[in-house]
Amino acid sequence: MPLAKRRTVWYNEGMFRKLFRNIYLPIVLLAFTLIVFVDVFSVVMVTKTLSSAFFSVGRKRVSRALDSCELYINSVSASTYNLSQNGTLIEQLAGGADASLTSLLDDTCNYSLKMNGVCAYSESGKIYTSSGVSQVPALEELRQNAGIAAFLEGDAESFTSFRTECVADIYNNVAYPDEMGVITSCRKVFGETGETVGYIFADILPSNLYDLILEREQFEDAVAFLSFGEQYFAYGGNAAHADLLEGGRSGYFKYEAIDDAPFFLTVFEDAAPYRRQLAVLIGALLSVSAVLAVGVHFAAMATAKSVTRRLDRLTAKMKAQKLPLSPSPDGASSSPESGAAP
134 MPLAKRRTVW YNEGMFRKLF RNIYLPIVLL AFTLIVFVDV FSVVMVTKTL
184 SSAFFSVGRK RVSRALDSCE LYINSVSAST YNLSQNGTLI EQLAGGADAS
234 LTSLLDDTCN YSLKMNGVCA YSESGKIYTS SGVSQVPALE ELRQNAGIAA
284 FLEGDAESFT SFRTECVADI YNNVAYPDEM GVITSCRKVF GETGETVGYI
334 FADILPSNLY DLILEREQFE DAVAFLSFGE QYFAYGGNAA HADLLEGGRS
384 GYFKYEAIDD APFFLTVFED AAPYRRQLAV LIGALLSVSA VLAVGVHFAA
434 MATAKSVTRR LDRLTAKMKA QKLPLSPSPD GASSSPESGA AP
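If you're matching positions, the sequence shown starts at 134 in the numbering used here and goes up one per residue.
Dropping the structure here:
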């Protein structure tokens, strides 16, 4: 029996080893090929889908932010209209008694909570300002701006100015640099007979809108550019990232919102959150694939062994029929083929 066992093992290692490989390898190679194909396809689809989702959500957020900016400016414009109907203001701008309008202009700022300064100009060039804003440009200086000049000389009753020149030197009692710019809601003030008696200039600092954009929409590590024409308002060091507008740096999602308004918004958001989520999803996918690969390995092993073991048993049985079964009393071996002595 030991000899038979040794022959069975040798037969399995020699002849059936090749059969084992012929069963095991095709199963493993086919399964691994399918797993790799599915992984590559899944990674491509997950990357595209996640990127599209981030981009779609980002564009909606920027669009909402631009709408909020327009609503902000329209709210200020509505306040200037209400102010232009004030009898005290009209009388003063028309050349009434020389009195201060600071309290009235302050009330307008405090009521709206959206204006950083309000100036009223009479046709004669006299200037009235709210508190907190000073050293404002004269009316003639404002005429150097083409948009404001067209408004002053035209028939339009209101106008919104976006500019980085002809800006007051002090807002909120703090020196203010021209390059940060200002958004001004301009409105004409008419007298009782319909003649123009003066103008209201309500200033909004772009930082108000930037805060609205970045905080309300909760952009993470984002750089925003509120632009008008070929210029943009400086804020939060965005000038140091101006190369993003030229496409000079990767690693950011670019969201743009362009409407009929005379300004538009571009936000660059760091793609790190996207990369983290993508890494998690791909890691989970590869982990599942690794588990499947290990399972395929053991399944192929079990399948190949089940075949070779059956052949082992059959071979052992066939070999046993050809080997001596038991010794005879005289020391000779008996076998099924040997006949009885006559």
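In this text, a Cβ means the ideal position worked out from N, Cα and C, and glycines have one as well.
For residue i, the first and last residue of its enclosing beta strand (DSSP E)
{"i": "residue 254", "result": "250-255"}
{"i": "residue 344", "result": "It is not in any beta strand (DSSP E) - residue 344 instead sits in the alpha helix (DSSP H) that spans 339-344."}
{"i": "residue 262", "result": "260-262"}
For residue i, the residue or residues it bridges with in DSSP
{"i": "residue 361", "result": "364"}
{"i": "residue 389", "result": "399"}
{"i": "residue 292", "result": "319"}
{"i": "residue 329", "result": "323"}
{"i": "residue 308", "result": "303"}
{"i": "residue 423", "result": "DSSP output for residue 423 lists no bridge partner at all."}
{"i": "residue 267", "result": "303"}
{"i": "residue 335", "result": "251, 318"}
{"i": "residue 356", "result": "401"}
Contact check, residue i vs residue j, beta carbons under 7 Å
{"i": "residue 248", "j": "residue 335", "result": "yes"}
{"i": "residue 422", "j": "residue 156", "result": "no"}
{"i": "residue 389", "j": "residue 355", "result": "no"}
{"i": "residue 213", "j": "residue 318", "result": "yes"}
{"i": "residue 233", "j": "residue 333", "result": "no"}
{"i": "residue 250", "j": "residue 263", "result": "yes"}
{"i": "residue 312", "j": "residue 297", "result": "yes"}
{"i": "residue 252", "j": "residue 278", "result": "no"}
{"i": "residue 316", "j": "residue 295", "result": "yes"}
Other residues of its chain near residue i: CB distance less than 8 Å, five sequence neighbours each side excluded
{"i": "residue 329", "result": "256, 321, 322, 323"}
{"i": "residue 205", "result": "247, 337, 341, 342, 345"}
{"i": "residue 429", "result": "160, 161, 164, 165, 168"}
{"i": "residue 268", "result": "301, 302, 303"}
{"i": "residue 308", "result": "302"}
{"i": "residue 258", "result": "271, 272, 273"}
{"i": "residue 209", "result": "245, 247, 248, 318, 335, 337"}
Close beta carbons around residue i, own chain, < 7 Å, minus the five adjacent residues each side
{"i": "residue 223", "result": "322, 324, 330"}
{"i": "residue 358", "result": "365, 371, 378, 399"}
{"i": "residue 175", "result": "418"}
{"i": "residue 284", "result": "292, 319"}
{"i": "residue 347", "result": "355, 357"}
{"i": "residue 142", "result": "With a pLDDT of 39 at residue 142, under the threshold of 50, the modelled position of that residue is not reliable, and no figure is offered here."}
{"i": "residue 207", "result": "none"}
{"i": "residue 135", "result": "Here residue 135 scores only 48 on pLDDT, less than 50, and its place in the model should not be relied on; the value that follows carries that caveat. Nothing listed; no residue qualifies."}
Endpoints, alpha helix (DSSP H) assigned at residue i
{"i": "residue 192", "result": "150-217"}
{"i": "residue 226", "result": "220-226"}
{"i": "residue 369", "result": "Run containing residue 369: none; DSSP gives neither H nor E here."}
{"i": "residue 272", "result": "272-275"}
{"i": "residue 285", "result": "279-286"}
Same chain, Cβ closer than 6 Å to residue i, five either side skipped, listed in chain order
{"i": "residue 153", "result": "437, 441"}
{"i": "residue 150", "result": "none"}
{"i": "residue 407", "result": "187"}
{"i": "residue 266", "result": "250, 301, 304"}
{"i": "residue 202", "result": "342"}
{"i": "residue 433", "result": "157, 160, 161"}
{"i": "residue 172", "result": "422"}
{"i": "residue 194", "result": "350"}
Contact belief for residue i with residue j at Cβ below 8 Å, rounded distance in angstroms
{"i": "residue 414", "j": "residue 179", "result": "5 Å"}
{"i": "residue 396", "j": "residue 352", "result": "With 8 Å as the limit, residue 396 and residue 352 do not qualify as a contact, their Cβ atoms being about 18 Å apart."}
{"i": "residue 386", "j": "residue 404", "result": "6 Å"}
{"i": "residue 411", "j": "residue 272", "result": "With 8 Å as the limit, residue 411 and residue 272 do not qualify as a contact, their Cβ atoms being about 56 Å apart."}
{"i": "residue 197", "j": "residue 350", "result": "6 Å"}
{"i": "residue 314", "j": "residue 339", "result": "6 Å"}
{"i": "residue 199", "j": "residue 392", "result": "6 Å"}
{"i": "residue 261", "j": "residue 238", "result": "7 Å"}
Minimum Cβ-Cβ distance from residue i to chain C less than 7 Å
{"i": "residue 293", "result": "Among the chains in the structure shown there is no chain C, since it carries only a single protein chain."}
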